[in-house]
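Peer 1: Got a structure here, written out as structure tokens. Questions coming.
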Amino acid sequence: MNLRVRVGRTVMAAVFITLEGPDGSGKSTQAVLLAERLRRFGLPVLLTREPGGTALGLTLRQILLEPSNKLAVMTEVLLMAADRAQHVEEVIKPALQNNMIVICDRYVDSSLAYQGFGLLQDVAKVKTINEAAIGGLWPHLTLLLDVETETGLQRHTLASRRQGRSEGLDRIEQRDLEFHRRVRQGYNRLQESDPQRFAVVDTTELGVDDVAQKVWHIVRQRLEISEPEITCTKKEGESCEVNHCRSAGSGCK
Ligand code: TMP
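Right, dumping it as structure tokens:
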């Protein structure tokens with residue numbers, strides 16, 4: 033398929049996209065939907081996440097999120113950064129070297145927002161530590177899914193119940209409302225200071241499909257993805273797997 037992926041003026045094969053947002057913003061669902069959509073164009077996509085994108089990272093995730101663990105603030109900062117350093121070396125860099133599109137559910141901005149703004153309230157220190165962890169590998173595009181704090185936490189609790197998560201909220205989710213408010217404000221400060229890299233979608237009033245449409249619109253624009261012209265061959269009522277076109281013979285929208 034004649035599909036170009038560009039970042040700025042450069043035609044790229046390897047693209048690094050991160051999804052960020054407060055708990056309950058729906059970013060994990062959107063990461064999956066975006067990966068599926070890009071794969072439908074035949075693009076090679078690696079979907080991964082933090083913390084826990086490697087075997088070592090899964091152990092770190094368990095330590096970081098177990099509610100009964102009493103971690104010192106700097107321990108939490110360093111374990112998040114250690115998870116990231118391993119993830120970059122073992123998973124993200126090799127995938128980019130193989131010309132893949134990497135979609136990462138949380139990355140360095142999570143540490144800046146949660147540990148920097150939320151916990152330590154010293155963003156510069158968290159940034160210095162994380163710069164060592166990522167070795168200059170900043171994302172090309174960061175999709176910030178914003179959500180009003182109370183709405184996000186309610187959604188998150190409901191989703192956990194629906195998924196039958198017996199363990200309840202994790203160690204970080206359990207923090208008080210003020211912490212989560214600082215995280216949200218932190219994200220907004222981060223995107224204000226780097227509008228080139230960030231794109232924001234306010235998900236507070238939107239359903240999953242509407243957010244997915246907005247995310248796709250941003251990704252197509254920012255990466256200059258041009259969709260190939262396709263003549264739809266589906267019959268009336270059948271759905272087209274490429275663009276979800278429902279009108280027979282008129283071409284996908
Ligand atoms: P998840 O629910 O998106 O998998 O993330 C687990 C929790 O870890 C979530 O509350 C956010 C938190 N977190 C940080 O505090 N700092 C980080 O650097 C990352 C990656 C996640």
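Take the sequence shown: its letter number 180 is residue 212 in the working numbering, and every next letter is one higher. Idealized CB from N, CA, C, for every residue including glycine.
(1) Any heavy atom of ligand 1 within a distance shorter than 7 Å of the CB on Ile49?
(2) If you measure from the CB of Asp137, is any heavy atom of ligand 1 nearer than 7 Å?
(3) Exposed or buried, Asn162, counting other C-beta atoms within 10 Å across all chains shown (16 or more means buried)?
(4) Below 7 Å CB to CB, which residues in the same chain sit around Gln206 once its five sequence neighbours on both sides are set aside?
(5) Please determine whether the Cβ atom of Pro126 lies at a distance below 7 Å from any heavy atom of ligand 1.
(6) Hey, could you find the ends of the beta strand (DSSP E) Asp234 is sitting in?
(7) Tell me whether the beta-carbon of Ile135 lies closer than 8 Å to the beta-carbon of Leu66.
(8) Using three-state DSSP, classify Thr50 as helix, strand or coil.
(9) Starting from Arg207, follow the beta strand (DSSP E) in both directions and report where the run begins and ends.
(10) Report the partner residues of Val134 according to the DSSP bridge assignment.
(11) State the beta-bridge partners of Asp178 as determined by DSSP.
(12) How would you label Glu224, buried or exposed, when you count the other beta carbons within 10 angstroms and need 16 or more for buried?
(13) Tell me the rounded alpha-carbon separation between Gln118 and Glu52.
(14) According to the Cβ coordinates, are Val64 and Ile257 closer than 8 Å?
(15) From this set, His172, Tyr146, Val155, which residue's C-alpha is nearest Asp55's C-alpha?
(16) Would you mind sorting Gln62 into buried or exposed? The rule is 16 or more other CB atoms within 10 Å of its CB.
(17) Taking buried to mean at least 16 other C-beta atoms within 10 Å of its own C-beta, is Thr80 buried or exposed?
(18) State the Cα-Cα distance for the pair Arg233 and Thr174, rounded to the nearest angstrom.
(19) Once the 5 residues before and after Ser143 are set aside, which same chain residues still bring their CB inside 6 Å of it?
(20) Which partner residues of Leu173 appear in the DSSP bridge assignment?
Peer 2: By the coordinates alone:
(1) no
(2) yes
(3) buried
(4) Pro99
(5) no
(6) 230–234
(7) yes
(8) strand
(9) That residue, Arg207, is in no beta strand (DSSP E); it is neither H nor E in DSSP.
(10) Phe48, Leu78
(11) Asp234
(12) exposed
(13) 19 Å
(14) no
(15) Tyr146
(16) buried
(17) buried
(18) The residue you asked about is not Arg; residue 233 is Val in the sequence shown. Near 11 Å, if we compare the C-alpha coordinates of Thr174 and Val233.
(19) Met112, Val158, Asn162
(20) Ile49
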